[in-house]
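Okay, so here's the structure we're looking at.
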Amino acid sequence: MLALDTSKKLSFNKLIADGDLAIVYERHDTMKAVNVCEGSVFQNRFGVFKHSDWIGKPFGSKVYSNKSGYVYLLAPSPELWTLVLSHRTQILYIADISFVIMYLEIVPGCLVLESGTGSGSLTTSLARAVAPTGHVYTFDFHEQRAASAREDFERTGVSSVVTVGVRDIQGNGFPDELCGMADAMFLDLPQPWLVIASAAKMLKPDGTLCSFSPCIEQVQRSCEALRMNFTDIRTFEVLLRTYEVREVKNDSMRGHGGSPSQQPPCKRRQTNEGSNNQESISSTIMARPSAEARGHTGYLTFARLKCSA
Numbered sequence: 001m002l003a004l005d006t007s008k009k010l011s012f013n014k015l016i017a018d019g020d021l022a023i024v025y026e027r028h029d030t031m032k033a034v035n036v037c038e039g040s041v042f043q044n045r046f047g048v049f050k051h052s053d054w055i056g057k058p059f060g061s062k063v064y065s066n067k068s069g070y071v072y073l074l075a076p077s078p079e080l081w082t083l084v085l086s087h088r089t090q091i092l093y094i095a096d097i098s099f100v101i102m103y104l105e106i107v108p109g110c111l112v113l114e115s116g117t118g119s120g121s122l123t124t125s126l127a128r129a130v131a132p133t134g135h136v137y138t139f140d141f142h143e144q145r146a147a148s149a150r151e152d153f154e155r156t157g158v159s160s161v162v163t164v165g166v167r168d169i170q171g172n173g174f175p176d177e178l179c180g181m182a183d184a185m186f187l188d189l190p191q192p193w194l195v196i197a198s199a200a201k202m203l204k205p206d207g208t209l210c211s212f213s214p215c216i217e218q219v220q221r222s223c224e225a226l227r228m229n230f231t232d233i234r235t236f237e238v239l240l241r242t243y244e245v246r247e248v249k250n251d252s253m254r255g256h257g258g259s260p261s262q263q264p265p266c267k268r269r270q271t272n273e274g275s276n277n278q279e280s281i282s283s284t285i286m287a288r289p290s291a292e293a294r295g296h297t298g299y300l301t302f303a304r305l306k307c308s309a
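If you read the sequence shown in the working numbering, its first letter stands for residue 1, the second for the next number, and so on.
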């Protein structure tokens, strides 16, 4: 479980303990977040798994059910948490998240502002990036959504470096007490151009800002507002294309002349040449785009606060 140890460094405990959060990996497209509790069980199509059998095992272990089915118990990294968290809002995924953290130049010790919190997918990764000495202040106008996000940050162990506030940033701007303190800022708002003036006050000189928008019209209006106090304005669209790579076995029949009816593009297994009509088995490595590949999620607009002369 992601936790704060005595050295104030976020790290994963190696062994699963009672009360830890574990990611149960059933197959490549099926994972669940489970709180380990002595006396509880986890059930799926592979059987019944006792939590008591999990306690004391290292993360990454393969555990068996009463029917000899198995799952893997993985540590709740920000990448895996993004795939299993409850979607209270549309979330950012790994491709956008990694690009945001790189382009905002977020490193340990940074102070980062975020609006809005949403499901907390990005926030969890921001927390790991700024730990152990930095901090993330994230705001959402929806009180219940903010409360749910706090609970999730407690579960994933990042609450020590994350503060969740309830505030209408688009209408009221960021709190004055954070003026001039932020190294970086992320905006996920319907009308981000309304917050640009407040954002400029919050950032340190040469601080960086990113605004996420699903529509290009939002990007255009945001860029117009950014030109007043920001420079190096750039917009990106990150498209991720995943591939499935696997071995495929092909069966073909040889004719009387010994020539195959089909010629697969690979070496054949050795066969008995004395047979007039025999089956040859070949295998080849196939690579093809995943049917679940994601398309457009949104546009990422980056800018850097101008340094005063």
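For glycine and all other residues, C-beta sits at the position ideal for the given N, C-alpha and C.
Predicted model only: the values in this text are computed from it and were never measured.
By Cβ distance, which residues of its chain are closer than 7 Å to residue i, with the 5 residues on each side in sequence left out?
i: Met286; result: Arg246 and Val248
i: Val34; result: Ala22, Val24 and Phe42
i: Leu226; result: Ile196, Ile233 and Ala303
i: Arg88; result: Gly118, Ser119, Arg145 and Ser148
i: Gly47; result: Ser65, Asn66, Lys67 and Gly69
i: Val84; result: Ile23, Met31, Lys32 and Ala33
i: Asn44; result: Glu26
Shortest alpha-carbon distance to residue i belongs to which of the options?
i: Val71; options: Val84, Phe49 and Phe230; result: Phe49
i: Cys37; options: Arg27, Asp53 and Phe46; result: Asp53
i: Leu312; options: Asp96, Ser148, Pro190 and His296; result: As shown, the chain starts at 1 and ends at 309. That puts residue 312 outside it, with no answer to give.
i: Ser211; options: Phe186, Asp140, Lys67 and Glu237; result: Phe186
i: Pro289; options: Tyr299, Met31 and Glu244; result: Glu244
i: Arg241; options: Ile94, Phe153 and Glu143; result: Ile94
i: Ile55; options: Thr30, Cys307, Leu15 and Ile101; result: Leu15
i: Cys179; options: Ala17, Pro205 and Val162; result: Pro205
i: Arg167; options: Leu203, Ala131 and Phe141; result: Phe141
i: Ile216; options: Ser282, Pro78, Lys32 and Thr297; result: Thr297
i: Thr231; options: Arg45, Pro58 and Thr208; result: Thr208
i: Pro78; options: Asp18, Leu104 and Ser121; result: Ser121
i: Val219; options: Gly171, Leu189 and Ala199; result: Leu189
i: Cys307; options: Leu203, Asn250, Tyr299 and Glu143; result: Leu203
i: Gly19; options: Gly157, Gly171 and Ser213; result: Gly157
i: Val368; options: Arg155, Ala184, Ile91 and Asn172; result: The requested residue 368 does not occur in the structure, where the chain is confined to residues 1 to 309.
i: Phe174; options: Leu80, Tyr103, Ser213 and Ala199; result: Ala199
i: Gln90; options: Pro214, Asp176 and Lys57; result: Pro214
i: Asn229; options: Ala17, Leu305 and Thr82; result: Leu305
Put residue i into one of helix, strand or coil per three-state DSSP.
i: Gln90; result: coil
i: Asp53; result: helix
i: Gln220; result: helix
i: Thr297; result: coil
i: Lys62; result: strand
i: Glu38; result: coil
i: Pro192; result: helix
i: Pro78; result: helix
i: Leu85; result: coil
i: Ile16; result: coil
i: Lys67; result: coil
i: Arg45; result: coil
i: Asp183; result: strand
i: Lys306; result: coil
i: Ser283; result: strand
i: Ala291; result: coil
i: Lys267; result: Here the model assigns Lys267 a pLDDT of 40, short of 50, so the residue's position is not dependable and the matter cannot be decided.
i: Glu273; result: Any reading at Glu273 needs caution, since the residue's pLDDT is 47, under 50, leaving its predicted position unreliable; the model's value is listed next. Residue state, collapsed to three classes: coil.
i: Gly257; result: Only weak support is given to the placement of Gly257: the predicted model assigns it a pLDDT of 48, under 50, and the question is left unresolved by the model.
Excluding five sequence neighbours on each side, which residues of the same chain lie with their C-beta closer than 6 Å to the C-beta of residue i?
i: Thr138; result: Glu114, Thr117, Thr123 and Val164
i: Tyr64; result: Tyr70
i: Gly257; result: The predicted model places Gly257 with a pLDDT of 48, which falls under 50 and marks its position as unreliable, so this point remains unresolved.
i: Ala312; result: With the chain covering 1 to 309 only, the question about residue 312 has no answer from this structure.
i: Ser86; result: none
i: Lys201; result: Cys179
i: Ser222; result: Pro192, Trp193, Ser211 and Thr301
i: His51; result: Val36, Cys37 and Ser40
i: Met181; result: Leu111
i: Ser61; result: Leu73
i: Arg155; result: Leu21
Can you list, in chain order, the residues of its chain whose CB lies under 8 Å from that of residue i, leaving out five sequence neighbours each side?
i: Ser159; result: Arg150 and Phe153
i: Phe99; result: Phe236, Val238 and Leu300
i: Glu143; result: Val166
i: Glu224; result: Trp193
What are the uninterrupted segments assigned as beta strand (DSSP E) that are 3 or more residues long and contained completely in the stretch 96-180, given in chain order? Counting whole runs of 3 or more residues, the stretch 96-180 contains the beta strand (DSSP E) stretches 111-115, 135-140 and 162-166.
To test your reading of the DSSP string, which unbroken alpha helix (DSSP H) runs of 4 or more residues are found completely within the stretch 194-250? For secondary structure counted as the alpha helix (DSSP H) over 4 or more consecutive residues, the stretch 194-250 holds these complete runs in sequence order: 196-202 and 216-226.
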